[in-house]
Amino acid sequence: MHVVRAEQLSALHDEVGALVRVLARFRWRLGFERALLFGLRGVIGSALAVVGLSLAVWLVVGLDDRLTSYAWVVALPLVGALGLAVLRWPSDRQAALAADRRLQLDERLGTAVELARRLRRQTHGQRFDRLQIRNAIEQANLAPGGWLTLDQRVRREALLALVLIVIAGGSLLLPSLPRPSLTRQQPAASSVDAGQLELAQRALPLDTPESAVADAPAVQPRARTSPDLASLASRVQQAQAERVALDALSQALGRVSAAQPAADAIQQGDYSTAKQQLTNLGDEADQLSDAAKQQLASALQQAATTTGSADRQLADRERQAAQALGRGNYVDQRQALRNLGDQVERSGARSESPDQLERDAGQLQQQSDAQGAGTLTRASGTVSQGPGVPAPRPGAGVDATAAAPEPSGGQGPAGHGGQLNGAGIGTGPGGDPLGDTASRLDTAGQSVAVPLMLGTGAGVRPPDGTEDQTGTDPTAGASGVAEQVQAQQTGQVTPEQNLVPSEQRPVVRGYFQ
Amino acid sequence: MQVGIEPRGADGAAIEQLRRTVAALEREVSRVIVGQELVVRGVTIALIAGGHVLLEGLPGLGKTLLVRTIARALQLQYSRIQFTPDLMPADILGTNVLLETAHGGRAFQFQPGPIFANLVLADEINRATPRTQSALLEAMQEQVVTVGTVGHSLPRPFFVLATQNPIEMEGTYPLPEAELDRFFFKLLVGFPSRAELAAIVDRTTGPRGELPAAIADGSSVLELQDVAREIPVASHVSDYAVRLVLASHPELPDGVETARRNVRYGASPRAAQAIIVGSKIHAILAGRVNVAFDDVRRVALPALRHRLILNYEAEAKGVTTDRVVAELLAAVPESQ
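Line by line, the protein sequences give chains A and B. One gets our numbering by counting positions in the first sequence from 1 and adding 11 to each. One gets our numbering by counting positions in the second sequence from 1 and adding 180 to each.
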């Protein structure tokens, strides 16, 4: 009895030994493949390091002397990757599972490894353990397959490594080329400044002439802040448009009770919840009544029209959802509402929160005010110093640079009605009040208290949005003008103090003529 | 990969004996039943696993003939119960009757019902009321019948092969979930193809054919059951079967999307047991001594389709449990 048992144990251990030998073969094979893959990744990393170093040596003066001390940067990725491959060398079980999968052994080796482990622990196995291990070994030996399996991923990474090695080799030639001169970039910087300046001028509601800006050295440092302002203005405008689009969608959804949670979420700025709610609405679209679907479709169509170009993608999704709801196909409706939810989340992520938007708008307003005041002050200063710079348009008295040599009411060499510091009447011939302020002031010596075109105070844009520029008491700021505008609109000021909206100017002109 | 096992020693011979018996049984059945190879294979696997089978199909597709043929080929004691709406539990299980004793007195004696047989054909089981259907619960699970306070063991092996018409037909009662769960497999008997139908007509309208030969008996079936249960299963394979069952539960974190959408109650632990035991037999028939993922996938459908209870939305949309099982198989990865 004991002899039979000992023979059985011996046979079992023979089969386990044979299994271990088969697995060792698969472990080497899998480990080598893994090392190859990791090695390729290491080569890719090293090649990138070579390119980076070459660029650094080419661009930075004095680095080429210390190049050899940076060699470890190149070696590190390759060594690290190979080290990782060794550390992650496959175990018996991993090798067995991989062999089962690749050689289509139907989990024979994986099962055999478990049985062998159990045999080692328990010293006796179940009825079919030996048979199973033997069957696994036979099938593994019969399985086809070469030493290496280079699948699509390995081939792709090998190709990438090859390309990067070539690039790295080419980059080694960089240090032998002449270094790029940094001074060459100076004119480009100047041109960028000029472009930014122009952008800022367009963004700001100020009519500072280019010549004044270009000629006055004192203006230039100030103009460097203009790109920031222009960028802020653009950002605020975009954010406002996107917010309006989302608000329109929120209102549209709020018209149907089933979509109310989504509307609320958009209103609260919780766009991920809004997306989820819209997805839920899509899933339950088949439970909506036809009337509710029609109502939602028309509301979405309307929202799409409102959204328009402010957020084209959102408008498209709204339109698609409206069309799907109108068609009555559940799958289309679900997909369209799901797409709309995704787009809401994306648009929401882009747009700023209402608080941030408000802060940005406030900041923009403050900067605009400050910039306006500064520009007008500078323009006045130019006038007082200049011997008379020709105005760009004859009779354009609004130009600060078309300054008269006279302290008040004088005529410029080409422009009439240039004014300086205090009330006065121009005497120049004809001209439009906007482009030709002189005609507006052509009152034949009659004394009329007309707000100043220029002054030391802050400038203000007329409430009708025209290009006209008005001034007021030099000591008054922008807020003073705004108050006057409001007072005039409410009839609390005399016509002489009128700021003259554009549509009424012909009437006023006729009156004075 | 289907490769034969070299019959080395007693163990190899036992496995080879199982394969030969199954092949002979399928051959004998095919002499009587035309086509339906998958149904015959499913019934065979369930018999060797010691499980009961529910066969569903339209009337006239040979369900009853299949069961009779198997009983004859395996030389099993066979009894047929035709389920009708007026059938009572005592008509199936048996009852205590008052008999005169030899001494002139009277005593109750148990008269066994038709369920006391090796192979019980519960024909059109869903035509009986749920009360009568439930009479089978104890017998199917415990293989014991309790009448009054006395339990009576059923003969071994014991199989219930039940047939039912599709639930949409008139005069049917759906089987309770507890009853359904006791069936190892549910197999759908489909309509034969044109060639098969022609062969059926040819075979049944000509001279009477010969009866199926006996290829085994009840004791050899019990031995085969013991052999099948000893086939080893790797932990990662049994884990796959477990994950499949867990994935069918909408309330569990392992539940997959299709279960959350369509399933009210997921499969019971009996489903996992049925998948593993069925996979073992499928593995032997495929020429292996171990269970593969492929075996689990092959037996998952008949083991799970009657154990998933769909929700109202899925039933309203016409989603079938077969589709849900297919989606489960697609959603659950083999290795994690």
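For every residue, glycine included, the Cβ atom is placed at its ideal position computed from N, Cα and C. Computed from a predicted structure; not experimentally measured.
Query                                                                                                                         : Result
Span of the alpha helix (DSSP H) around residue 472 of chain B                                                                : Counting along the chain, residue 472 of chain B falls outside any alpha helix (DSSP H), and DSSP gives it neither H nor E.
Rounded separation between residue 322 of chain B and residue 255 of chain B - CA only                                        : 23 Å
Spatially closest choice to residue 360 of chain B from B:303, B:345, B:234, by CA coordinates                                : B:234
Cα-Cα separation between residue 145 of chain A and residue 107 of chain A, rounded to whole angstroms                        : 14 Å
Simplified DSSP state of residue 518 of chain A, which is helix, strand or coil                                               : helix
Three-way DSSP call (helix, strand, coil) for residue 316 of chain B in this model                                            : helix
Element boundaries [beta strand (DSSP E), containing residue 292 of chain B]                                                  : 286-292
Limits of the beta strand (DSSP E) - the one that residue 258 of chain B falls within                                         : 258-262
Beta carbon proximity, residue 119 of chain A to chain B, threshold 8 Å                                                       : yes
DSSP three-state assignment for residue 338 of chain B, whether helix, strand or coil                                         : coil
Contact test: residue 197 of chain B Cβ vs the ligand ADP heavy atom, cutoff 7 Å                                              : The ligand ADP is not part of the structure shown, which contains no ligands of any sort.
Contact with chain D by residue 143 of chain A, beta-carbon distance below 8 Å                                                : Here chain D cannot be found, since the structure's protein chains are A and B.
Under 7 Å by beta carbon: chain A residues contacting residue 415 of chain B                                                  : 125
Beta-bridge partners of residue 302 of chain B, as assigned by DSSP                                                           : B:261, B:342
Residue range of the beta strand (DSSP E) that includes residue 276 of chain B                                                : 274-280
Strand pairing of residue 286 of chain A, partner residues [DSSP]                                                             : Per DSSP, none; premise fails for residue 286 of chain A.
Residues sharing a beta bridge with residue 460 of chain B, DSSP                                                              : Beta-bridge pairing links residue 460 of chain B to no other residue.
Within chain A, the residues that residue 191 of chain B reaches when beta carbons sit closer than 7 Å                        : 138, 139, 142
Residues within the stretch 468-482 of chain B neighbouring chain A, beta-carbon criterion of under 9 Å                       : 468, 469, 470, 471, 472, 473, 474, 475
Cβ separation of residue 310 of chain A and residue 345 of chain A, assumed to be a contact under 8 Å, to the nearest whole Å : Going by Cβ atoms, the distance from residue 310 of chain A to residue 345 of chain A rounds to 18 Å, so no, they are not a contact pair.
Interface flag, residue 412 of chain B vs chain A, CB-CB below 8 Å                                                            : yes
Residue 291 of chain B and residue 275 of chain B closer than 8 Å at C-beta                                                   : yes
Where residue 122 of chain A meets chain B, residues with beta-carbon distance less than 8 Å                                  : 412, 413, 414, 417, 470, 471
Own chain residues within Cβ distance below 6 Å of residue 398 of chain B, not counting five before or after                  : 256, 298, 337
Closer than 8 Å to chain B by CB, residue 291 of chain A                                                                      : no
Rounded C-alpha distance that separates residue 386 of chain A from residue 174 of chain A                                    : Note that residue 386 of chain A has pLDDT 44, beneath the 50 cutoff, so the model's placement of it is unreliable and no number is given.
Per-residue DSSP class, three states only, for residue 333 of chain B                                                         : strand
For residue 99 of chain A, the three-state DSSP class (helix, strand or coil)                                                 : coil
Nearest-angstrom Cα separation, counted from residue 472 of chain B out to residue 409 of chain B                             : 15 Å
Cα-Cα separation between residue 344 of chain B and residue 251 of chain B, rounded to whole angstroms                        : 19 Å
Min CB distance residue 146 of chain A to chain B below 8 Å                                                                   : yes
Sufficient close CB pairs (3 or more, under 8 Å) joining the stretch 228-248 of chain B to the stretch 273-288 of chain B     : no
Whole-angstrom C-beta distance between residue 228 of chain B and residue 405 of chain B, which should lie under 8 Å          : 6 Å
Residue closest to residue 174 of chain B, alpha-carbon to alpha-carbon, out of A:180, A:244, A:128                           : Examination of residue 174 of chain B is not possible in this model, given that chain B is present from 181 through 516 alone.
Backbone secondary structure at residue 493 of chain B - three-state DSSP                                                     : helix
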